[in-house]
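Below: the structure, in structure tokens.
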Amino acid sequence: MKPFFSIIIPLFNKEKHIKNTLQSVLDQSFSNFEVIIVNDGSTDNSLNQVNAVIDERIKVYSIENSGVSAARNYGIKKAQAEYIAFLDADDLWETSFLEYITKLIDSYPKEHVFATALKIKKNTDYYFATYRNLTLDDGESKVLNYFKYSLDHSLLHCTCTVFNKGIIKSVGTFDESLTTSEDTDYWIRIGLKHSIVFLNKPLAIHQVVNNGLTKSNRKKFKSIDFSKYEDQKNHSSYFKKFINKNKFSSAIKYKFVGDKINFQKLKNEIDYKMLNFKQKLLLMTPLYVTKHIINIYNSLSKKKNYF
């Protein structure tokens, strides 16, 4: 029988997490799926952890280390189902995640992209992603504009998003030239072409293993080329605010890794009228002050949100 969902899990050195992630998939109340694990050149015990789990729905492929975008794209090529779901190798699903996604697909037959609300785990704390402008009741679903409702946390995340494989014809696959922000780039491309069926029920769990923004030893960062979206003829205020927010975020990351040229370039592209006081402060202060502000902010807000 052809699977209804193809679940793609890129795997690179997640020996402490992959077994729990995989079990959360196998425990789903909706069982017609295949699991495509793309081992992206792991050097730890990850592959042995996967091979210890026996289930005919699991398919394992190993490739040379090429990055998460290449691993996801490889998984897409191997997918047999019409609906693609992604799950990072350290994240989890509630047991009813696929069941609810199936109900959304049945309820919105003309739509192509589906997502649920996200629960975030940081250390031992759980909290919920916040979505600006969202007025849905708990458990309510609706077709939404991606940019309008992603000005805080993105509606789409690789742990809570499912899409019809047919959208690849118009959206394409993940950009393998990006080593960071590759998912944000993909969500932007989806948002420019499709609405999002969103269920306001946290059925996916993202585990924050490392916070890259506050890691002072992180030396490499490449921002999205935001100019490539300018010809998309999307001039909504929400689209502009979303792009401006991401330019700000990328500028701060360039600042942290000491890339003064790209920091200044993006800083000059930002519309300061769309920033709040705290964001302006982070752009203008010396690096050591910026780090201090962010550390204070994270410590105060860790149970509600993450930077």
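For the working numbering, add 5 to where a residue sits in the sequence shown, where the first one is 1.
We put the CB at the ideal spot given by N, CA and C, even for glycine.
Which runs of the beta strand (DSSP E) spanning at least 3 residues fall entirely within the segment 18–88, listed in chain order? 38–45 and 63–68
Measure the alpha-carbon distance for I248 versus H158 and round it to whole angstroms. Going from the Cα of I248 to the Cα of H158 covers about 13 Å.
Using a Cβ-Cβ cut-off of 6 Å (strictly less than) and excluding sequence neighbours within five positions of V58, which residues of its own chain qualify? Contacts found: L27.
Nearest candidate by alpha-carbon position, reference L92, set A134, T129, G46 and F17: In terms of Cα proximity to L92, the closest of A134, T129, G46 and F17 is F17.
Count the CB pairs spanning the segment 119–136 and the segment 44–51 that are closer than 8 Å, and state whether there are at least three. no
Quick one: what's got a C-beta closer than 6 Å to N216's C-beta in the same chain, skipping five residues either side? At N216 the pLDDT is 40, less than 50, meaning the model places this residue with poor confidence and gives no usable figure here.
Check the DSSP bridge columns for N169 and list the partner residues they point to. Y88
T121 and S34 look like a contact to me (Cβ under 8 Å); what is the Cβ gap, rounded to whole Å? No, T121 and S34 are not in contact; Cβ-Cβ is about 14 Å, not under 8 Å.
Do E87 and R62 have their beta-carbon atoms positioned less than 8 Å apart in this structure? For R62 and E87, no; Cβs fall outside 8 Å.
Outcome for P291 when other beta-carbon atoms lying within 10 angstroms are tallied against a minimum of 16: exposed
Can you find at least 3 beta carbon pairs, one from the segment 173–183 and one from the segment 267–282, that sit closer than 8 Å? no
Using the Cα positions of H297 and I257, report the straight-line distance between them to the nearest angstrom. 13 Å
Neighbourhood of C163 by C-beta distance below 6 Å, restricted to the same chain and skipping five residues each side: F91, D93 and D188
Using 10 angstroms around the beta-carbon of D130, count the other beta-carbons present and answer buried if the total reaches 16, otherwise exposed. exposed
Work out the CA separation of H211 and N222 for me, nearest whole Å. Because the pLDDT at N222 is just 39, under 50, the model does not fix this residue reliably, and the point stays unresolved.
Any alpha helix (DSSP H) of 4 or more consecutive residues that is wholly inside the segment 90–160: 102–112
Could you tell me which residues DSSP puts in a beta bridge with A209? W98 and L123
For the pair the segment 101–116 and the segment 145–157, tell me if three or more CB-CB distances fall below 8 Å. yes
Less than 8 Å between C-beta atoms, sequence neighbours within five positions excluded: which residues of the same chain meet that for P8? The answer, listed in chain order, is N37, F38, E39, R62, Q85 and A86.
Who does S11 pair with in a DSSP beta bridge? E39 and I89
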